[in-house]
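Participant:
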Amino acid sequence: MQSYTVQPARAIRGEIRVPGDKSISHRSIMFGSIARGTTTIRGFLRGEDNLATLNAFRAMGVTVTDDGETLRIEGKGVHGLQEPVDILDCGNSGTSIRLLTGLLAGQRFFSILTGDQYLRKRPMKRVIEPLSRMGGCIYGREGGSKAPLAVVGKPLQGISYSSPVASAQVKSAILLAGLYAEGATTVTEPHLSRDHSERMLRFFGADLDTFAGGVTLRGGRELRGGHIEVPADISSAAFFIIAALIVPGSELLIQGVGVNPTRTGILDILVAMGGSIELLNQRELSGEPVADLLVKSSRLKGISIGGDLVPRAIDEFPVICVAAALAEGRTVISDARELRVKETDRIKAMAANLGRAGVTVSETEDGMAIVGMERLKGGDFESFGDHRIAMAMLVAGVAASSAVTVDDVSCIATSFPDFTSLLERVAIR
Ligand code: S3P
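For the sequence shown, the numbering used here assigns the number 44 to the initial residue and increments by one for each residue that follows.
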């Protein structure tokens with residue numbers, strides 16, 4: 044296990060750019076591979092999760108070159124993928140396995156998907172069930188609910204599916220299958236989840252309509268490749284936004300961050316807590332809104348977080364817990380049951396870590412209550428093999444009364460390979 048120790052900081056200062064958006068990077072490979080013509084991608088996140096997606100498409104005969112700056116995909120067209128000769132390993136990536144399951148359901152070949160010990164515990168029925176209704180034939184462990192998954196490609200029919208969870212992975216898996224299905228495919232969800240698939244499909248010329256609460260796609264049309272500029276990932280920026288808010292005397296500029304409204308729940312939450320965050324130089328890149336974020340340290344106060352804010356900030360809860368632990372008063376998180384089926388059970392993991400840092404915290408079925416305090420205690424903490432738990436606790440470390448050690452930080456490479464060096468760069472001691 045590779046541990047890491049961070050020392051408290053006097054302030055967080057500077058101008059940074061965090062790596063490219065993970066969700067958009069996955070989709071750029073997937074849609075670029077099945078489009079006609081060449082797709083070029085700048086700002087692609089070269090984290091382990093995205094490289095798992097890239098390797099899967101290479102294994103299906105797609106040529107992808109990378110000069111270190113621009114990725115170039117020679118698209119194969121909707122029906123141009125080849126049967127992989129081996130199992131496709133999605134590593135730790137839920138987005139890779141769930142979206143690929145949707146894409147593979149309608150192919151004219153057989154494939155098998157697996158992942159690491161964490162991914163093999165995560166629920167897959169949420170995609171297998173709607174895909175089966177479309178005519179998909181997918182087998183998995185534990186009655187077809189866990190990876191490894193075996194996908195026997197079949198002709199598919201469009202469906203109208205009302206998803207019980209607000210999940211972009213479920214929605215995107217169905218839309219990818221819909222590209223191969225006869226007729227229209229409609230997905231509705233209880234709250235709008237991130238809409239990067241809808242935006243990129245439209246950018247690539249798919250026949251798609253969005254409406255309040257859902258999306259309809261008609262298959263059978265070829266996609267056209269193009270140039271994609273991937274904005275910086277707001278989920279990665281979140282660690283630095285909160286570090287700058289909670290360490291007094293901080294001021295940080297984070298450049299080129301994606302501010303798609305389905306992802307900016309974190310900004311709404313932090314502003315409601317009293318955080319000073321300004322959006323500067325707002326613009327659009329490849330169909331996605333982008334801004335520079337100027338963050339100044341602020342005295343935060345506890346709030347209640349639930350409802351449609353939850354899917355709009357779903358990946359940020361580990362580090363939101365850290366902000367709540369240093370806010371004045373109580374923060375109550377509810378409607379966040381999904382956190383229990385992420386890379387780890389993030390409610391349980393953060394309750395354990397914050398408790399160890401001296402915070403009064405109680406778990407509920409669908410969230411937690413956190414009573415803020417002046418200063419966190421340093422010491423030894425666990426990542427539970429989850430990149431976002433590891434990074435959240437290192438952010439806690441810059442604001443703690445003594446050093447924080449996280450037991451296993453190798454998982455950070457899934458989404459943010461240079462996280463610790465960037466944190467050290469902005470931490471003034
Ligand atoms: C993602 C969707 C979210 C998110 C994950 C990335 C995506 O998962 O937590 O990190 O790229 O579609 P769910 O769709 O399961 O909520």
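Quick reminder that beta carbons are idealized off the backbone N, C-alpha and C, glycines included. The model shown is predicted, which means the values in this text are computed figures rather than measured ones.
#1: CB of HIS69 to nearest heavy atom of ligand 3: below 7 Å?
#2: Check whether the segment 199 to 217 touches the segment 158 to 165, taking contact to mean three or more Cβ pairs, one atom from each stretch, closer than 8 Å.
#3: Ordered along the chain, which non-local residues of its own chain (more than five positions away) have a Cβ less than 7 Å from that of THR403?
#4: Apart from the five residues on each side of it in sequence, which residues of its chain come closer than 7 Å, Cβ to Cβ, to ALA95?
#5: Determine the closest residue to PRO166 out of LEU146, GLY179, GLY187, with distance taken between C-alpha atoms.
#6: With a Cβ-Cβ cutoff of 8 Å, do LEU218 and THR231 count as a contact?
#7: Taking just the CA atoms, how far does ILE312 sit from ALA370?
#8: Counting only the same chain and skipping the five closest in sequence on each side, list residues whose C-beta sits under 6 Å from that of PRO499.
#9: Taking 8 Å as the cut-off, decide whether the C-beta atoms of LYS119 and ILE77 are in contact.
#10: What are the residues that DSSP puts in a beta bridge with GLU11?
#11: Smallest Cα separation from GLY410: which of ASP129, GLY349, ILE455, ALA368?
#12: Which value, in whole angstroms, describes the spacing of the CA atoms of GLU494 and GLY428?
#13: Would you say the segment 231 to 246 touches the segment 415 to 427, given that touching needs at least three Cβ pairs under 8 Å?
#14: Who does ARG373 pair with in a DSSP beta bridge?
#15: Name the residue from ALA281, PHE247, PHE254, ALA280 whose alpha carbon lies nearest to the alpha carbon of GLU265.
#16: Applying the 10 Å Cβ sphere with the 16-neighbour rule, what's the burial state of GLU331?
#17: I believe LEU288 touches GLY318 by the beta-carbon criterion, under 8 Å. Please report the beta-carbon distance rounded to the nearest angstrom.
#18: As a quick exercise: from ALA280, ARG373, GLY345, pick the residue whose alpha carbon is nearest that of LEU36.
#19: Kindly indicate the opening and closing residues of the beta strand (DSSP E) around CYS364.
#20: Under three-state DSSP, which class holds THR387?
#21: Is the beta carbon of ILE284 closer than 8 Å to that of VAL353?
#22: Nearest by alpha-carbon distance to GLY63: which of LEU88, LEU235, HIS430 is it?
#23: Within a Cβ cutoff of 6 Å, which residues of the same chain sit near ALA193, ignoring the five residues on either side of it in sequence?
#24: Taking DSSP's pairing of strands, which residues face HIS239 in a bridge?
#25: Using only alpha-carbon positions, find the residue among VAL61, LEU437, SER68, SER278 that is nearest to ILE357.
#26: Assign GLY345 to one of three DSSP states: helix, strand, or coil.
#27: What is the rounded straight-line gap between the Cα of TYR47 and the Cα of ILE363?
#28: Closer than 7 Å by C-beta to GLY178: which residues in its own chain qualify, once you throw out the five before and the five after it? Chain order, please.
#29: Considering only residues of the same chain and omitting the five flanking positions on each side of ARG383, which have a CB-CB separation below 8 Å?
#30: What three-state label does DSSP hand LEU124 in the structure shown?
#31: Taking the beta carbon of ILE130 as the centre, do at least 16 other beta carbons fall within 10 Å, making it buried, or is it exposed?
#32: Where do the N-terminal and C-terminal ends of the alpha helix (DSSP H) with PRO173 fall, by residue?
#33: For MET393, count neighbouring Cβ atoms within 10 angstroms of its own Cβ and tell me buried if that reaches 16, exposed if not.
#34: Who are the near neighbours of ALA52 in its chain, counting only those whose CB is closer than 7 Å to its CB and skipping five residues on each side?
#35: Hey, how far is the Cα of ARG468 from the Cα of GLY292?
Facilitator: So, from the data block:
#1: Ligands in the displayed structure: ligand 1; ligand 3 is not one of them.
#2: no
#3: VAL414
#4: ASP132, CYS133, GLY134, SER136, SER139
#5: GLY187
#6: no
#7: 12 Å
#8: In the structure displayed, the chain extends from 44 to 472; residue 499 sits before or after that span and is not available.
#9: yes
#10: The question about residue 11 has no answer here: the residues shown for the chain are numbered 44 through 472.
#11: GLY349
#12: Nothing about residue 494 can be read from this structure; the chain reaches only from 44 to 472.
#13: no
#14: VAL414
#15: PHE247
#16: buried
#17: 5 Å
#18: With the chain covering 44 to 472 only, the question about residue 36 has no answer from this structure.
#19: Not the beta strand (DSSP E): CYS364 falls in the alpha helix (DSSP H), residues 360 to 368.
#20: coil
#21: no
#22: LEU88
#23: ILE155, TYR182
#24: Bridge partners of HIS239: none, in fact.
#25: SER278
#26: coil
#27: 21 Å
#28: LYS197, PRO198, LEU199, GLN200
#29: ARG389, ILE390, LYS391
#30: coil
#31: exposed
#32: 168 to 176
#33: buried
#34: VAL290, VAL441, ALA470, ILE471, ARG472
#35: 16 Å
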